[in-house]
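So the structure is just underneath, and the comments pick up after that.
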Ligand SMILES: C[S@@+](CC[C@H](N)C(=O)[O-])C[C@H]1O[C@@H](n2cnc3c(N)ncnc32)[C@H](O)[C@@H]1O
C-alpha cells in the first residue's frame with residue numbers, strides 16, 4: 001500500500017522509502033505545511049521521516065499521534081539494545097490514539113523486541129508523569145498520557161510491582177541530562193554518589209583473570225560495561241568461552257567499589273566473585289596518567305580465547321602446576337636444582353628478568369603460540385621429576401604453560417609464580433626485599449614498561465648501546481617490537497631499519513588527503529553534480545553494513561573518473577568485475593544515453609554485498625542504464641560469456657581479487673572480450689599497505705601484535721601481486737597501458 005513521506009532530507013526519505021518499497025512524496029521546505037495538510041487529509045496511512053528540528057506533535061496534531069517511547073534499562077540490557085537505540089518516536093495514524101496501533105508501531109520501531117518470544121503484549125507500557133505512574137491499558141489512558149506529554153516506558157513485567165513504582169519515583173524528574181539518567185540505572189548501593197572523572201585523581205593499574213566456562217561471553221560483556229563504566233574504569237577486557245582476562249586503570253575513588261563488586265559473595269558479577277586483583281606496586285598520579293594514559297577507553301571484547309595459544313586441543317587447566325606466593329617464589333629461586341622458565345617473549349625477557357641460583361632457561365619466543373615447541377626443546381632431556389619454576393607478567397600465560405608441562409609433557413613438579421612478576425614486584429616493594437627481578441617489566445598497555453629496579457639489561461637493537469625504550473617500528477606494515485636508543489630512534493624516524501624509514505616516508509607522502517578532497521569538491525559529474533544523493537546513500541549504507549570493507553568502494557573522485565571515461569569512450573556495453581555494493585556500477589550506469597552506456601554487466605561473488613547492490617540497483621531501475629548483476633566467481637562468469645559468445649565490451653573495469661589479475665587479463669584478451677576500441681580499466685595497481693596510527697600489542701596474548709604482523713604480510717603479498725600484474729601488462733605486446741596515480745592507482749589498458 002503506498003504511503004506518502006515527507007522529509008527535509010530527500011536522500012534520507014528516498015533511501016528509507018525504497019527499502020520498504022514505498023512511494024515517495026517529497027516537498028520543499030517552504031511548502032511543507034500545505035503539503036502536510038494535503039497529505040494528512042488525503043492519505044490514509046500517513047507516516048514520515050523528518051530531519052527537521054521542529055516538534056512533530058505541532059505539525060501533525062489531528063492527523064496522527066506521536067509518542068515518545070523509552071526502553072527501560074533492564075529491558076535494554078536483556079535485549080542487548082545499544083544506548084543510542086533506547087528511545088524512539090512512534091507515529092500512530094488516526095483521529096483517536098489506538099493502543100493496538102501503538103503496540104504495532106513499537107514492535108516495528110524497536111526491532112530488538114522482535115527477538116522476544118510472542119508479542120509485545122509481554123511488554124507493558126507505563127506512563128511516567130511528574131506525580132504518578134500508571135499502567136497504560138486503554139485508549140483513553142493513552143490519550144491522556146499523550147496530552148500530558150508523558151513519556152512511556154516499556155517494561156517486561158506483566159504487572160506493575162510496588163518496587164517498580166518506587167524505582168520510577170526515584171528517577172530524576174524530567175531528565176537532567178544524560179549523566180543523571182545513566183546514574184538512575186540500577187547501580188549497586190556502594191557506588192560513589194557522583195560519577196567520577198578519572199583524570200583528576202590517582203590511578204591504580206591492575207589486572208585480573210580467571211579461567212572459567214562462560215556460556216554467553218556477550219552477555220557478560222554487557223553486564224561488565226554496565227557496572228564498570230560509571231566507575232570511570234578504562235582498559236581492555238577480553239572475554240571468551242574459556243574465561244576472562246582484564247587489564248584496567250582504576251581511579252582510586254572507584255577502587256573500593258570495584259573490590260566490592262568482585263568480592264567473594266558479590267551477587268553482581270558472579271562469574272568473577274572472589275577473583276584475585278593483581279595490583280601494580282605503584283599508583284600513577286593524575287599528571288602521569290594525563291601525560292601518558294595507559295588506556296584511553298574501556299574496551300570489552302569477546303574473543304575465541306583469552307590467551308591465544310594456537311593449540312588445537314584444549315588443555316586441562318585443572319592440572320596446571322602449583323601456585324607459589326611471591327614469598328615462596330623468592331625462596332624457590334635459590335634452589336640450584338630447579339629450572340627457571342621465563343614463559344614471556346624475547347623482548348620482555350630482554351628488559352628484565354629473575355636472577356637466582358635456579359638455572360634460567362628463557363623461552364625467547366616471539367609470540368605465545370611458539371611456547372609449546374620451545375618448551376619441548378628446552379626440556380627435552382630433563383627427568384620428569386625435575387623441579388620446574390615458571391613465571392610470566394601477570395600469571396595467566398603460566399597457567400597454560402604449566403598445564404602443558406603436566407598434561408602433555410608429563411612433568412610432575414611444576415610450580416608457577418602467582419600473579420606473575422607484577423605481584424612479585426608489589427610484594428618486594430611492600431616487604432622491602434632486594435628484588436631478585438632486575439630491570440623493567442614489559443606491560444601490555446601504552447606505557448610498554450614499568451621499572452622494578454634501575455638496572456638496564458637491554459641493548460639498542462640498532463647500535464647495541466644500553467637502552468630501555470621499547471617501541472614498535474613506526475612503519476606500520478612492519479610494526480616490529482624493538483628496543484631502541486633515542487639516538488637511533490631519531491635517526492631512523494622511529495623505524496627499525498633504513499628500508500622501513502623509506503617505506504614510512506613514501507606512505508606519508510601519499511597520504512596527502514587534501515588534494516584528494518580538493519579534487520572531489522571541484523569535480524562535477526553530469527547529471528549529478530559532485531556526488532549523487534543515491535551514491536551518498538549507498539556509501540552510508542555500505543559503511544553501516546560493511547564497516548571493515550567500506551574502503552573498497554570506489555568513492556566520489558574515482559567514481560567520477562569512471563563515469564567520465566565511459567562517456568569519453570562512448571562505451572555502450574560496460575563490464576565490471578567486482579561489484580561490491582555497486583558504487584562504480586551506478587557511476588557507469590549514470591553515463592547512459594543514446595550513444596552512451598546501454599548496459600552495465602557486473603559480477604560479484606559475495607552474496608551480502610550483492611544483496612545490497614541489488615537493492616540499490618532496483619531503486620534506480622528505469623532512471624539509469626539497465627544493470628545486469630551476475631552472482632558468482634569472475635572466472636565462471638567470464639567462461640560463460642565466452643561459451644555464449646556474448647558481444648565484446650567497450651569498457652571493462654577490473655576490480656576483483658588482485659592476486660588473479662593476470663589470469664583475468666589474459667582471459668579477457670585471449671577471448672577478445674574487450675572490443676577493438678575499448679579500454680580495460682584496472683583498479684589498485686599502485687596498491688600499498690594501509691598506514692594507520694601506530695598501535696601497540698595490548699594484552700598478554702599479544703593478539704594485536706600478531707594481527708598486525710598478519711596484516712602486514714598479506715599487504716606485502718598483495719603489493720607483490722599488483723606489481724607482477726603491472727609488469728605482465730607492460731610485457732604484453734598486444735596492449736598499451738597508462739597508470740594514473742589516483743587513489744590506489746588506475747590503469748587504462750587498450751589494444752595497440
Ligand atoms: C574492491 S571491491 C569492488 C569495489 C567496487 N567495484 C566499487 O567500485 O565499489 C572487490 C569486490 O570483488 C569481489 N570479488 C573478489 N574476488 C572475486 C571473484 N573471484 N569473483 C567475484 N567477485 C569477487 C569482492 O567480494 C569485493 O566485493
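In mature numbering (1 follows the signal peptide of the UniProt record, and there is no 0), the protein residues as written are 1 to 752.
Heads up, the beta-carbon is just placed ideally off N, CA and C, and yes, glycines get one too.
Remember, it's a predicted structure, so these values are computed and weren't measured experimentally.
Range of the contiguous beta strand (DSSP E) that encloses residue i
i, result
"residue 653", "649 to 654"
"residue 676", "674 to 683"
"residue 354", "352 to 354"
"residue 738", "735 to 740"
"residue 87", "87 to 93"
"residue 472", "470 to 472"
"residue 438", "437 to 442"
"residue 339", "339 to 342"
Status (buried if at least 16 other CB within 10 Å, exposed otherwise) for residue i
i, result
"residue 672", "exposed"
"residue 397", "buried"
"residue 741", "exposed"
"residue 839", "The shown model of the chain, from 1 to 752, leaves out residue 839, and the question about it has no answer."
"residue 630", "buried"
"residue 188", "exposed"
"residue 76", "buried"
"residue 149", "exposed"
"residue 29", "Low confidence applies here, because residue 29 scores a pLDDT of 45, under 50, leaving its location unreliable and the question unanswered by this model."
"residue 746", "buried"
"residue 502", "exposed"
"residue 190", "exposed"
"residue 506", "exposed"
"residue 381", "exposed"
"residue 324", "buried"
"residue 658", "buried"
"residue 686", "buried"
"residue 267", "exposed"
"residue 213", "exposed"
Minimum C-alpha distance to residue i - residue among the options
i, options, result
"residue 109", "136, 148, 67 and 142", "67"
"residue 669", "560, 752, 447 and 591", "752"
"residue 399", "662, 276, 138 and 315", "315"
"residue 537", "505, 506, 625 and 581", "581"
"residue 354", "363, 333, 294 and 144", "333"
"residue 252", "283, 293 and 467", "283"
"residue 578", "533, 683 and 532", "683"
"residue 587", "556, 568, 569 and 605", "556"
"residue 367", "379, 662 and 349", "349"
"residue 216", "302, 276 and 551", "302"
"residue 459", "450, 726 and 469", "469"
"residue 479", "499, 676, 262 and 535", "499"
"residue 750", "675, 147 and 721", "675"
"residue 281", "717, 539, 204 and 319", "204"
Where the alpha helix (DSSP H) through residue i begins and ends
i, result
"residue 751", "No alpha helix (DSSP H) holds residue 751; the beta strand (DSSP E) holding it covers 746 to 751."
"residue 758", "The question about residue 758 has no answer here: the residues shown for the chain are numbered 1 through 752."
"residue 265", "Where residue 265 is concerned, there is no enclosing alpha helix (DSSP H), given that its DSSP letter is neither H nor E."
"residue 449", "Not the alpha helix (DSSP H): residue 449 falls in the beta strand (DSSP E), residues 449 to 451."
"residue 368", "Per DSSP, residue 368 belongs to no alpha helix (DSSP H) and is neither H nor E."
"residue 424", "420 to 431"
"residue 331", "326 to 332"
"residue 143", "139 to 147"
"residue 491", "486 to 491"
"residue 390", "Taken as a continuous stretch (DSSP letters only), residue 390 belongs to no alpha helix (DSSP H), being part of the beta strand (DSSP E) at 387 to 391."
"residue 414", "Where residue 414 is concerned, there is no enclosing alpha helix (DSSP H), although the beta strand (DSSP E) it sits in stretches over 413 to 417."
"residue 106", "99 to 109"
"residue 536", "533 to 545"
Touch test, the segment 389 to 405 against the segment 307 to 319, Cβ-Cβ under 8 Å, three pairs minimum: yes
Inter-stretch contact (C-beta, 8 Å, three-pair minimum) for the segment 330 to 344 and the segment 356 to 363: yes
The segment 298 to 307 contacting the segment 424 to 442, beta-carbon criterion three pairs below 8 Å: no
3-residue-minimum beta strand (DSSP E) runs that sit fully inside the segment 180 to 249, ordered along the chain: 203 to 211 and 234 to 240
Given 8 Å, three or more beta-carbon pairs between the segment 255 to 271 and the segment 223 to 243: yes
Segment contact, 8 Å Cβ cut-off, at least three pairs: the segment 417 to 430 with the segment 316 to 332: yes
Cβ contact (3+ pairs, closer than 8 Å) linking the segment 654 to 663 and the segment 620 to 627: no
Secondary structure, beta strand (DSSP E): runs of 3+ residues fully inside the segment 551 to 638: 573 to 577, 599 to 604 and 627 to 631
At least 3 beta-carbon pairs within less than 8 Å: the segment 285 to 295 vs the segment 231 to 240: yes
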